[in-house]
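Shown next, in structure tokens, is the structure this report addresses.
There are 2 protein chains.
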Amino acid sequence: MNKTQSKLLTSLKAIIENNQDFILFTHSNPDGDAIGSILAFYYLLEELNKTPTIYMNNSIPYFYEFLVKKELRIVKDVNRKYKVGIVFDSGDKNRISETFDIKEKVEILVNIDHHPTNNNFGDINIVDPKAASVTEILYEIIRKLKYEISLNVAECILTGLITDTGSFRFSNTSYKSLKIASDLVKKGANISKISKEIYEKRRMSSLKLMGISLSRLQLYKNIGWSFIEEEDLKNNNASYEDIEGIIDLLRTLREADIVVLFYPYNKERIKVSLRSKKDKIDVGKLALKFGGGGHKEAAGFQINRNEINSYQDFIKKIDEYINSDEWVFTYK
Amino acid sequence: MNKTQSKLLTSLKAIIENNQDFILFTHSNPDGDAIGSILAFYYLLEELNKTPTIYMNNSIPYFYEFLVKKELRIVKDVNRKYKVGIVFDSGDKNRISETFDIKEKVEILVNIDHHPTNNNFGDINIVDPKAASVTEILYEIIRKLKYEISLNVAECILTGLITDTGSFRFSNTSYKSLKIASDLVKKGANISKISKEIYEKRRMSSLKLMGISLSRLQLYKNIGWSFIEEEDLKNNNASYEDIEGIIDLLRTLREADIVVLFYPYNKERIKVSLRSKKDKIDVGKLALKFGGGGHKEAAGFQINRNEINSYQDFIKKIDEYINSDEWVFTYK
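Protein chains in written order, with UniProt numbering: chain Y, 1 to 332; chain W, 1 to 332.
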């Protein structure tokens, strides 16, 4: 730990000790790390006899409901000013809400994140792009502040770690991530129960959509691709949530270096999800080209239906981009 | 480490130091732990300037070919007697070969395993049913014998650990498994590369079979089930190897407590794979009822085609067994 970090933690400790009233934020459409970190900190603050409140516009996705161990103070709107606001897993404060500016809702804003693009929007910024998950950062913070890690907090931290590393399969998995997971399991966190909750709770509708996308899977050069239509959702009584994770099944195709999945976003727009399996192909850059965004390995964008002639043609266009000289997909 | 273990390791060390000629065995149809442990020990012995030979009737499955870093001494038959034989991951010596008795092929037989049913068939038996994988035991052995763990050995050990814990998702994942994984990653083992090799090298034919089984997935009470026919294999140019892993995709069905997959074994026989998602349903016991075997969570059996009237009827029979009083599936 260097001096700056040590100073930041001292400030954070003072903020926690000297205040009672906290509001916790994370990005919309929260994933496992967002839910894991916001709940971990909520439980920690309650254990310290503080009064935390969670702002969440969406409800907690059904995958992560098992982490809710008690009735929580959740607000869907922020009607008053809070002493301290803490934001988890958001590179930018605008990812929290479209209707209000969170800086105006709090006296002190703390920003805890691991996105390399984080723009340090808080009064206190604890940002570590090397951390596999925000919960990994929280683990370090809690230990360094010498607070106890309760079983509830441990399972939230482990959940963020599991989901953001894809069960320790992605390249962000460090020996530290595994060491932390080991410590949490030693404390009693049930890794197989958590994994079952995350990975073995697919609805029938979601598995049917998986089947459909697999049956349509094609390979064009080194691009594996498939699609889901509006009527597939209707026929299988499925919702958008059911599409989550399908692209990661498609990426298991041996011959593919990148995979692409097209699916309906709304009446006018189609969503295109991208995954890269090769270090030198950066799908984040590719998505940027189409007005989207993401990381080197996982990214996406939206496009108007009328801009896509046929999926096959669009895949050819993507192939051209990947191989064009003007656009080198080399990751530095 | 207790006295017995310490004595065993002293004997093993003497056997390694005092001999030159080793033959290594594992069970037929080797999985990741079988391949990981046999190759880890092969590399270790070579690094100690010994002459190891591997007996393997099958070839190394394509999933694990990445672990082969050099030309190996592999024999498909054992034509002479070896000084030392070491068996990995086999509860019973009969799982090695149908044509010869391995005890007759060696002077000293060492048995290293983690199956609780291991019948201690070796002259030296190092059996730890608490270990998540045999490679986990090897890690402990190598460290306690104070040999170096090279990068090649580390990646073999990590492969066994990953495959036998399903990427640290199964209930055999202990804090120790995660701690060992952490140490191996610290030594340079590339966990994301290994995971990509294992989980992202599916053939198109395998993904098509997945799609077919998902499209046929049904739920009968708490049993999720599906089937693959002989002609599905033909139509998709698929082999039996392509069926591996499909049952684990089916088990992600939220509503299922157990999942069942029927698929062709040969002209007369059908294979039935079982997975349990609930602690109190032991599919190992269920499989035993039909002349098969396996563990609490994963098991299987074969049945003559003419014994199955329809899959649906057979599923009803399984349901009756699960709910019958005479057959309580409570795991002790």
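Each residue gets a CB set at the ideal place from its N, CA and C atoms; glycine is no exception.
Listing by chain order, which chain Y residues have their CB less than 7 Å from the CB of W/Glu200? Arg251, Thr252 and Lys277
By a C-beta neighbour count over all protein chains shown, 10 Å radius and 16 as the cutoff for buried, is W/Ile243 buried or exposed? buried
Any heavy atom of the ligand NAP inside 7 Å of the beta-carbon of Y/Ala154? No copy of the ligand NAP appears in this structure; indeed no ligand is present at all.
Express the C-alpha separation of W/Ser324 and Y/Thr173 in angstroms, rounding to a whole number. 46 Å
Where the alpha helix (DSSP H) through Y/Glu46 begins and ends: Gly32 to Glu47
Roughly how many angstroms lie between the CA atoms of Y/Thr53 and Y/Ile108, to the nearest whole one? Counting only the Cα atoms, Y/Ile108 lies some 15 Å from Y/Thr53.
Take W/Phe262 and list the residues in its own chain whose beta-carbon comes closer than 6 Å to its own, dropping the five residues that flank it on each side. Closer than 6 Å at Cβ, skipping near neighbours: Phe227, Ile270, Val272 and Tyr311.
Looking at the C-beta of Y/Gln312, does it have a partner C-beta in chain W at a distance below 8 Å? no
For W/Ile96 versus W/Val110, is the C-beta spacing smaller than 8 Å? no
For W/Arg143, the first and last residue of its enclosing alpha helix (DSSP H): Val134 to Lys144
What is the DSSP secondary structure of W/Asp183, reduced to helix, strand or coil? helix
If I follow the unbroken beta strand (DSSP E) through W/Phe22, where does it start and stop? Asp21 to Thr26
Alpha carbons only, please: which of W/Lys93, W/Val259 and W/Gln218 is nearest the one belonging to W/Asp113? W/Lys93
Using C-beta distances below 7 Å, list every residue in its chain close to W/Tyr331, excluding the 5 sequence neighbours before and after it, in chain order. The predicted model places W/Tyr331 with a pLDDT of 39, which falls under 50 and marks its position as unreliable, so this point remains unresolved.
Under the three-state DSSP convention, the category Y/Ser276 falls into: Here DSSP, grouped into helix, strand and coil, assigns Y/Ser276 to strand.
Should Y/Phe22 and Y/Val84 be called a contact, given that it needs their Cβ atoms to be closer than 8 Å? One thing to note: Y/Phe22 has its Cβ within 8 Å of the Cβ of Y/Val84.
Alpha carbon to alpha carbon, how far is W/Val259 from W/Ile247? Cα to Cα, W/Val259 sits roughly 7 Å from W/Ile247.
So with CB distances below 7 Å, who are the chain Y contacts of W/Ile258? Against chain Y, a Cβ distance below 7 Å from W/Ile258 picks out nothing, because the smallest value is about 12 Å.
Going by the DSSP bridge assignment, what does Y/Gly300 pair with across the sheet? Y/Ser273 and Y/Gly293
Are the C-beta atoms of Y/Ala40 and some chain W residue less than 8 Å apart? no
Which of helix, strand or coil does DSSP assign to W/Glu230? helix
Roughly how far, in whole angstroms, is the beta-carbon of Y/Gly36 from the beta-carbon of Y/Leu67, given that I think they are within contact range, below 8 Å? The pair is a contact, with the Cβ atoms about 7 Å apart (cut-off 8 Å).
Residue-level contact to chain Y via CB, W/Tyr331, 8 Å cutoff: With a pLDDT of only 39 at W/Tyr331, under 50, the local geometry of the prediction cannot be trusted, and no value is derived from it.
Does any residue of chain Y bring its CB to less than 8 Å from the CB of W/Val185? yes
Distance CB(Y/Gly293)-CB(Y/Gly284) smaller than 8 Å: yes
Could you work out which residues of chain Y lie near W/Leu109, taking near to mean beta carbons separated by less than 8 Å? Within 8 Å Cβ-Cβ: nothing; W/Leu109 doesn't reach chain Y, min ~34 Å.
Identified DSSP bridge partners for Y/Lys53: It should be pointed out that residue 53 of chain Y corresponds to Thr in this sequence rather than to Lys. Y/Ile23, per the DSSP bridge assignment.
Is Y/Tyr175 close to chain W? Criterion is C-beta to C-beta, closer than 8 Å. The Cβ of Y/Tyr175 sits closer than 8 Å to at least one Cβ of chain W.
Rounded straight-line distance, which links the Cα of Y/Tyr43 to that of W/Ile149: 41 Å
Tell me whether the beta-carbon of Y/Asp89 lies closer than 8 Å to the beta-carbon of Y/Ile223. no
Locate the alpha helix (DSSP H) running through W/Lys13, then write down its first and last residues. Counting along the chain, the unbroken alpha helix (DSSP H) around W/Lys13 starts and ends at Lys3 to Asn18.
So, is the C-beta of Y/Arg203 closer than 8 Å to a C-beta in chain W? Y/Arg203 has a beta carbon lying within less than 8 Å of a beta carbon in chain W.
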